[in-house]
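J.:
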Amino acid sequence: MSFIFKLYAYNRFRRLSGFILMTLGLNLSAAGGGLAVLQYPITVRSAGMGQLLDPANTPTSLYRLPDRQADVSAWQWISGVNGLAITVNRQPVAVTLNYFNIEGLQYRDDVPTELPRFEFGYSNAAVGVTIGRVFGKIQTAVNLQYLWERTLDYSAGGVDLNLAAALDIAERLLLTGGVRNVGFMSDLNSESSELPTAAFLQVGYSGDGLGITGELSNDDFPVKLGGEYTFLSIIHLYGGLQVGRDVDAAGMDYYPSAGFELDFQTFTLGFALHQINHVLGPRQYIALAWRF
490 MSFIFKLYAY NRFRRLSGFI LMTLGLNLSA AGGGLAVLQY PITVRSAGMG
540 QLLDPANTPT SLYRLPDRQA DVSAWQWISG VNGLAITVNR QPVAVTLNYF
590 NIEGLQYRDD VPTELPRFEF GYSNAAVGVT IGRVFGKIQT AVNLQYLWER
640 TLDYSAGGVD LNLAAALDIA ERLLLTGGVR NVGFMSDLNS ESSELPTAAF
690 LQVGYSGDGL GITGELSNDD FPVKLGGEYT FLSIIHLYGG LQVGRDVDAA
740 GMDYYPSAGF ELDFQTFTLG FALHQINHVL GPRQYIALAW RF
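Taking my numbering, I'd label the letters of the sequence shown as residues 490 to 781.
1) Cα separation between Q528 and T755?
2) When you compare the CB positions of T619 and P544, do they come within less than 7 Å of one another, or not?
3) Could you check how far apart the C-beta atoms of T585 and S562 are, in whole angstroms? I think they sit under 8 Å.
4) Which of the three DSSP states is assigned to T532 in this structure?
5) Using the beta-carbon count (16 or more within 10 Å), is F624 buried or exposed?
6) Can the beta-carbon of G666 be found less than 7 Å from the beta-carbon of L690?
7) Name the DSSP bridge partner or partners of E750?
8) How would you call M741, buried or exposed, if buried means at least 16 neighbouring beta carbons within 10 angstroms?
9) Just grab the DSSP bridge partners of E717 for me.
10) So, at 7 Å on beta carbons, what are the nonlocal neighbours of I724 in its own chain, with the 5 sequence-adjacent residues on each side left out?
11) Could you pull the start and end residues of the beta strand (DSSP E) that W779 belongs to?
12) Would you mind reading off the limits of the beta strand (DSSP E) that contains N707?
13) Candidates Y635, R622, Q634 and L641: which alpha carbon is nearest Y611's?
14) Per the DSSP calculation, M538 is bridged to which residue(s)?
15) If the criterion is Cβ atoms closer than 7 Å, does the pair A761 and D560 meet it?
16) Whole angstroms are fine: how far does the CA of I567 sit from the CA of L551?
17) Please report the Cβ distance between T547 and A687, rounded to the nearest whole angstrom; I am assuming they are in contact, meaning their Cβ atoms lie under 8 Å.
18) Across which residues does DSSP place T585 in a beta bridge pair?
19) So L541 and R534 are supposed to be a Cβ contact under 8 Å. How far apart are they, rounded?
20) State buried or exposed for G698, treating a residue as buried only when at least 16 other CB atoms are found within 10 Å of its CB.
21) Using 7 Å as the threshold, is the C-beta distance between R734 and S695 below it?
22) At which residue ranges does the stretch 625-711 contain complete beta strand (DSSP E) runs of 3 or more residues, listed in the order of the chain?
23) Should G522 be labelled buried (16 or more other beta-carbon atoms within 10 Å of its own) or exposed?
24) How about I589 and G569: do their beta carbons lie closer than 7 Å?
25) According to DSSP, is S568 helix, strand or coil?
26) Report buried or exposed for R772, applying the criterion of at least 16 other Cβ atoms within 10 angstroms of its Cβ.
27) Short check: CB of T549 to CB of A630, under 7 Å?
What follows is the structure in structure tokens.
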């Protein structure tokens with residue numbers, strides 16, 4: 490494929506990418522690019538609760554995760570759309586890797602043809618470290634990530650910053666606030682993706698095996714409500730509901746999620762269905778975590 494043709498195809502892809510990936514449900518209108526994946530949960534617990542309760546999105550959540558634990562989560566959506574995430578937590582530090590990939594995007598001319606001119610993919614990744622510090626009843630944490638994206642022969646990099654602070658306002662009540670995805674991306678040939686910057690406020694309750702978390706934010710899903718319940722010290726059940734703007738912004742959509750984990754002390758197995766009623770079907774998460 491000649492360079493000139495690749496350049497033409499790339500520029501056409503940038504104009505159509507919002508439509509292509511919107512069709513896949515990635516909601517690029519709000520995020521400004523494929524980096525909307527930064528708004529996805531990366532653990533089974535987060536996915537099952539419909540929340541962003543991991544160090545890469547809510548940095549102070551490193552204090553809610555088991556210490557000395559490594560978690561590997563893989564998710565699959567429709568054919569060719571998948572992701573992988575790794576979280577290693579050693580308080581007060583956590584390291585995260587989040588990878589997202591789409592294969593089989595087809596380029597066609599304006600004139601309908603039986604076969605596409607060629608197929609191509611889109612992928613991005615985020616590698617970051619979270620560091621926390623406690624000041625009395627206040628927990629603080631900052632997450633810094635290196636971002637990378639690629640399509641055709643073009644790639645771009647950037648920096649992403651996430652900040653959070655949490656305060657125990659009562660014996661079993663936790664108030665958390667912060668900002669997600671502040672940063673920048675370099676140009677992917679001639680344009681750069683925008684980060685889905687958002688502020689958030691969470692209220693969480695925990696006690697007697699029951700946990701409830703609610704969040705208000707200005708991202709694509711401004712209202713999130715999730716719950717978790719543990720019994721027999723082994724089984725963790727998760728459920729949640731996200732409220733988001735529909736594609737034409739004419740109303741609101743409601744997306745339930747559910748999942749579970751089995752905790753065997755030294756390792757944990759988990760499965761979750763995120764946004765069960767999505768028009769393209771739920772994202773399916775499977776995870777293995779072990780303590781070291």
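Glycine is no exception: its CB is placed at the ideal position from the N, C-alpha and C atoms.
T.: On the basis of the coordinates in this document:
1) Taking the first residue of the sequence shown as position 1, residue 528 is located at position 39. Taking the first residue of the sequence shown as position 1, residue 755 is located at position 266. Going by the C-alpha atoms only, they are around 30 Å apart.
2) Here residue 619 refers to the residue found at position 130 of the sequence shown. Here residue 544 refers to the residue found at position 55 of the sequence shown. A contact, by the Cβ cut-off of 7 Å.
3) Position 96 of the sequence shown, counted from the first residue, corresponds to residue 585. Position 73 of the sequence shown, counted from the first residue, corresponds to residue 562. About 11 Å separates the two Cβ atoms, so there is no contact after all.
4) Here residue 532 refers to the residue found at position 43 when the sequence shown is read from its first residue. T532 falls in the coil class under three-state DSSP.
5) As a first step, residue 624 must be located in the sequence shown, where it is residue number 135. When all chains shown are included, F624 counts as exposed.
6) Stepping through the sequence shown from its first residue, residue 666 is reached at position 177. Stepping through the sequence shown from its first residue, residue 690 is reached at position 201. Result yes, Cβ atoms of G666 and L690 sit closer than 7 Å.
7) In the sequence shown, residue 750 corresponds to position 261, counting from 1. H725 and G759, per the DSSP bridge assignment.
8) By one-based count along the sequence shown, residue 741 stands at place 252. So M741 counts as exposed.
9) Along the sequence shown, one-based indexing puts residue 717 at 228. Under the DSSP definition of a beta bridge, E717 partners with G700 and Y727.
10) Counted from its first residue, the sequence shown places residue 724 at position 235. Around I724: F749 and L751.
11) Residue 779 sits at position 290 when you count from the first residue of the sequence shown. R772 to R780 is the span of the beta strand (DSSP E), which, as asked, contains W779.
12) Locating residue 707 in the sequence shown gives position 218, counting from the first residue. Per DSSP, N707 belongs to no beta strand (DSSP E) and is neither H nor E.
13) As a working mapping, residue 611 is identified with position 122 in the sequence shown. The residue from Y635, R622, Q634 and L641 with its alpha-carbon nearest to that of Y611 is L641.
14) Walking along the sequence shown from the start, residue 538 turns up at place 49. M538 pairs with nothing; no bridge assigned.
15) Mapped onto the sequence shown, residue 761 falls at position 272. Mapped onto the sequence shown, residue 560 falls at position 71. For the 7 Å CB-CB criterion, A761 and D560 do not form a contact.
16) Counted from its first residue, the sequence shown places residue 551 at position 62. Counted from its first residue, the sequence shown places residue 567 at position 78. Going by the C-alpha atoms only, they are around 31 Å apart.
17) As a position in the sequence shown, residue 547 is number 58, starting the count at 1. As a position in the sequence shown, residue 687 is number 198, starting the count at 1. At roughly 11 Å, the Cβ-Cβ gap does not stay under 8 Å, so T547 and A687 are not in contact.
18) Position 96 of the sequence shown, counted from the start, is the residue given in the question as residue 585. The partner list for T585 (beta bridge, DSSP) reads T576 and G617.
19) Your numbering for residue 541 matches position 52 in the sequence shown. Your numbering for residue 534 matches position 45 in the sequence shown. Contact flag wrong, Cβ pair sits at about 11 Å.
20) Here residue 698 refers to the residue found at position 209 when the sequence shown is read from its first residue. Exposed, because fewer than 16 other Cβ atoms sit within 10 Å of the Cβ of G698.
21) Within the sequence shown, numbered from 1, the residue matching residue 734 stands at position 245. Within the sequence shown, numbered from 1, the residue matching residue 695 stands at position 206. Cβ distance not < 7 Å, so R734 and S695 don't count as in contact.
22) 627-640, 643-659, 662-674, 687-696 and 699-706
23) Residue 522 sits at position 33 when you count from the first residue of the sequence shown. Note that G522 has pLDDT 48, beneath the 50 cutoff, so the model's placement of it is unreliable and the number below is only indicative. Its Cβ being crowded by 16 or more others within 10 Å, G522 is buried.
24) Your numbering for residue 589 matches position 100 in the sequence shown. Your numbering for residue 569 matches position 80 in the sequence shown. Per the sequence shown, residue 589 should be read as Phe rather than Ile. Cβ atoms of F589 and G569: not closer than 7 Å.
25) Within the sequence shown, numbered from 1, the residue matching residue 568 stands at position 79. Here S568 sits in coil by DSSP.
26) As a working mapping, residue 772 is identified with position 283 in the sequence shown. Flag for R772 reads buried.
27) Here residue 549 corresponds to residue number 60 of the sequence shown, with the count starting at 1. Here residue 630 corresponds to residue number 141 of the sequence shown, with the count starting at 1. In terms of Cβ geometry, T549 and A630 form a close pair [threshold 7 Å].
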